[in-house]
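Everything in the sequence shown is counted per the working numbering, starting at 1 for the first residue and increasing by one.
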Amino acid sequence: MFDNLSSKFSNAFSPLRSRGKISPSDIENTCAEVRTALLESDVALPVVESFIERIRTKSLEALPTLQSGTNQAQAIFEIVNAELVEILGGSARRVRFAKTAPTVIMLAGLQGAGKTTLAGKLAKFYADQGNTPLLVASDLQRPNAVNQLQVVGESVGVPVFAPEPGNGVGNPVKVAEQGIAHAKSKLYNMVIVDTAGRLGVDQDLMREAIAIRDAVSPDEILFVVDAMIGQDAVRTAQAFQDGVGFDGVVLTKLDGDARGGAALSITQITGKPIMFSSNGEKLTDFDIFYPDRMASRILGLGDVATLAEQAKKAFDGETSAKLEEKFARGDDFTLEDFLEQLEAMSKMGSMSKLLGMLPGAGAMKKQIENFDESEIVRTKSIVQSMTPIERRDPKVLNGSRRARIALGAGRKVQDVNALVDKFAAAQKMMKQMRNGKGMPAGMGMPPGMAMPAGALPPIQKSGQQPAKKKSKSGNPAKRAAEEKG
Numbered sequence: 001m002f003d004n005l006s007s008k009f010s011n012a013f014s015p016l017r018s019r020g021k022i023s024p025s026d027i028e029n030t031c032a033e034v035r036t037a038l039l040e041s042d043v044a045l046p047v048v049e050s051f052i053e054r055i056r057t058k059s060l061e062a063l064p065t066l067q068s069g070t071n072q073a074q075a076i077f078e079i080v081n082a083e084l085v086e087i088l089g090g091s092a093r094r095v096r097f098a099k100t101a102p103t104v105i106m107l108a109g110l111q112g113a114g115k116t117t118l119a120g121k122l123a124k125f126y127a128d129q130g131n132t133p134l135l136v137a138s139d140l141q142r143p144n145a146v147n148q149l150q151v152v153g154e155s156v157g158v159p160v161f162a163p164e165p166g167n168g169v170g171n172p173v174k175v176a177e178q179g180i181a182h183a184k185s186k187l188y189n190m191v192i193v194d195t196a197g198r199l200g201v202d203q204d205l206m207r208e209a210i211a212i213r214d215a216v217s218p219d220e221i222l223f224v225v226d227a228m229i230g231q232d233a234v235r236t237a238q239a240f241q242d243g244v245g246f247d248g249v250v251l252t253k254l255d256g257d258a259r260g261g262a263a264l265s266i267t268q269i270t271g272k273p274i275m276f277s278s279n280g281e282k283l284t285d286f287d288i289f290y291p292d293r294m295a296s297r298i299l300g301l302g303d304v305a306t307l308a309e310q311a312k313k314a315f316d317g318e319t320s321a322k323l324e325e326k327f328a329r330g331d332d333f334t335l336e337d338f339l340e341q342l343e344a345m346s347k348m349g350s351m352s353k354l355l356g357m358l359p360g361a362g363a364m365k366k367q368i369e370n371f372d373e374s375e376i377v378r379t380k381s382i383v384q385s386m387t388p389i390e391r392r393d394p395k396v397l398n399g400s401r402r403a404r405i406a407l408g409a410g411r412k413v414q415d416v417n418a419l420v421d422k423f424a425a426a427q428k429m430m431k432q433m434r435n436g437k438g439m440p441a442g443m444g445m446p447p448g449m450a451m452p453a454g455a456l457p458p459i460q461k462s463g464q465q466p467a468k469k470k471s472k473s474g475n476p477a478k479r480a481a482e483e484k485g
């Protein structure tokens with residue numbers, strides 16, 4: 001979503017980086033370009049004007065204190081980064097749990113914002129942390145809304161309280177009250193109430209939302225907003241804030257191609273933090289919203305922290321420990337190990353999204369967009385078509401074996417050859433790194449062999465030296481005696 005804005009920010013700061021000493025006119029030019037970039041990204045005008053004034057003032061105040069030998073462009077860049085984090089809310093905020101269970105979370109927003117799917121994502125997020133959420137189907141207005149919530153609940157393994165069929169039948173306020181009572185009787189520690197929306201803000205919508213709020217006294221009211229609707233997101237949020245009131249914002253559809261101004265405007269306009277973000281259709285495409293990480297991505301610095309967290313979740317600790325021991329002993333990295341790494345990478349989600357979190361990803365935009373997600377699946381199919389012996393020792397792969405593997409994987413023999421050659425190159429590189437020689441000159445990780453940061457465990461434990469191979473005697477008799485010994 002923020003690719004276009006990130007590109008414009010990069011263009012705005014490019015002239016500053018080429019200057020050793022920055023003048024007030026340089027700052028004015030940069031501010032003008034940043035202002036244009038924000039307005040074109042649909043950020044609300046009052047937010048833009050306030051933001052530009054702050055970075056202009058702070059940058060001009062900082063100029064006299066910057067010594068000629070320092071990187072002045074970096075200092076200005078840090079000011080912009082700090083202000084961008086502030087616009088996005090300053091710091092992440094978590095859900096406040098009730099002192100006495102259950103904690104009640106009410107979802108509000110317009111129809112089409114993704115509330116029902118979001119309810120399932122939120123339930124899964126907290127269920128994975130050991131909580132026991134209950135979904136309550138209080139959206140009795142939208143066709144099939146109750147059925148959709150039941151399907152979502154079943155897919156994430158979370159129970160759904162749905163005494164009414166919906167489709168215009170039933171009292172949503174009564175359902176919400178009964179849902180809280182049911183949660184207390186069954187000892188659920190969290191209740192997520194899905195409410196109805198409308199195509200636009202109207203009195204019926206507000207009356208129903210207010211009635212549910214007053215009936216269940218939620219600990220958190222989350223306003224769910226489609227990040228792709230631009231300025232309308234801000235106006236709708238303001239209307240809900242004045243009518244029902246809410247404690248936090250959830251941005252959905254952050255994986256879309258809209259300009260993203262809502263994310264940069266909504267917190268400043270409403271005074272309420274963005275608490276969660278949803279960036280895909282999968283029920284796992286959901287996380288806490290971190291203002292500093294989002295600012296980092298907008299400024300083209302990537303989001304290594306989120307990437308590392310996803311890698312930590314995907315890569316099994318026991319498997320990583322075994323791999324660490326193998327490296328410490330000096331054992332070779334095998335295709336069986338590589339298959340385990342591929343399986344873990346698949347759990348991390350879209351490779352395009354993961355690559356987009358790397359610093360400087362904006363410069364590789366076309367390559368990332370053209371990345372073939374099915375390449376990992378094809379690579380896995382080749383390795384899975386090998387026998388355990390072939391995975392452990394690729395040297396046994398003669399012509400007939402390679403032909404059999406290609407047939408089993410539905411690939412060409414050339415594809416098998418290419419994978420084996422790339423793996424051999426990667427294996428050689430890892431050996432040199434393990435032996436303390438560093439990466440071979442002019443050699444990077446071969447295509448298809450790249451693994452994300454944090455995927456592999458440390459290569460060698462501190463203080464542990466790799467085993468040295470003994471030299472063999474040139475005398476045949478003596479060498480035979482050595483081998484026998």
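Beta carbons: idealized from backbone N, C-alpha and C, even for Gly.
Cβ distance (whole Å) where residue i is taken to contact residue j below 8 angstroms
i	j	result
Val249	Val234	Not a contact, Cβ separation roughly 11 angstroms.
Val152	Thr117	6 angstroms
Val413	Arg401	At roughly 10 angstroms, the Cβ-Cβ gap does not stay under 8 angstroms, so Val413 and Arg401 are not in contact.
Asp415	Ala406	7 angstroms
Ala127	Val158	6 angstroms
Val169	Leu140	7 angstroms
Ser374	Ala409	Not confirmed; about 13 angstroms, so no contact.
Cα-Cα separation between residue i and residue j, rounded to whole angstroms
i	j	result
Pro172	Ile212	7 angstroms
Pro143	Lys282	22 angstroms
Pro440	Lys422	Because the pLDDT of Pro440 is 42, which lies under 50, any placement of that residue in the model is unreliable, and the number read from its coordinates should be weighed accordingly. C-alpha separation (whole angstroms): 15 angstroms.
Phe286	Gly200	25 angstroms
Thr267	Gly114	20 angstroms
Gln129	Asn279	20 angstroms
Asn131	Val396	50 angstroms
Val486	Glu220	Nothing in the structure corresponds to residue 486, since the chain is present only between 1 and 485.
Ser91	Ala181	34 angstroms
Phe97	Met190	9 angstroms
Glu40	Arg198	28 angstroms
Ala512	Gly20	Residue 512 is absent from the structure shown; the chain starts at 1 and stops at 485.
Val420	Arg293	38 angstroms
Arg493	Pro291	Because the chain spans 1 through 485 in this model, residue 493 falls outside it and cannot be assessed.
Ala424	Ala295	40 angstroms
Gly245	Met275	15 angstroms
Asn4	Ile269	23 angstroms
Arg56	Ile76	10 angstroms
Phe13	Asn71	13 angstroms
Phe9	Gln238	28 angstroms
Ala32	Gln241	32 angstroms
Glu340	Phe333	11 angstroms
Phe51	Lys124	36 angstroms
Arg297	Pro163	44 angstroms
Leu187	Pro273	30 angstroms
Where residue i falls, given that 16 or more other Cβ within 10 Å makes a residue buried
i	result
Ile105	buried
Leu65	The question names Leu, but residue 65 in the sequence shown is Thr. Thr65 comes out exposed.
Leu264	buried
Glu390	buried
Ala183	buried
Glu208	buried
Asp202	exposed
Ala176	buried
Arg17	exposed
Gln74	exposed
Asp393	exposed
Thr252	buried
Pro388	exposed
Lys299	Looking at the sequence provided, one finds Leu at residue 299 rather than Lys. It is buried - the Cβ of Leu299 has at least 16 other Cβ atoms within 10 Å.
Lys121	buried
Leu107	buried
Gly166	buried
Val377	exposed
The beta strand (DSSP E) enclosing residue i, as first and last residue numbers
i	result
Asp226	220–226
Ala101	Run containing Ala101: none; DSSP gives neither H nor E here.
Extent of the continuous alpha helix (DSSP H) run through residue i
i	result
Leu407	399–409
Glu28	24–40
Gly120	115–127
Leu45	45–62
Val175	172–185
Lys380	374–384
Ile389	388–392
Phe77	72–87
Gln243	For clarity, residue 243 is Gly in the given sequence; the question names Gln instead. Start and end: 231–243.
Asp292	291–298
Exercise. Unbroken beta strand (DSSP E) runs of length 3 or more, entirely within the segment 253–286: which are they?
Worked result: You should have 274–278.
Exercise. Along the chain, which unbroken stretches of the beta strand (DSSP E) at least 3 residues long are found entirely within the segment 187–217?
Worked result: Taken in chain order, the unbroken stretches of beta strand (DSSP E) that lie wholly in the segment 187–217 and span 3 residues or more are 190–195.
Problem set entry | Every unbroken alpha helix (DSSP H) within the segment 133–159, with a cutoff of 4 residues, ordered by chain | Unbroken alpha helix (DSSP H) stretches of 4 residues or longer found wholly inside the segment 133–159: 145–156, given in chain order.
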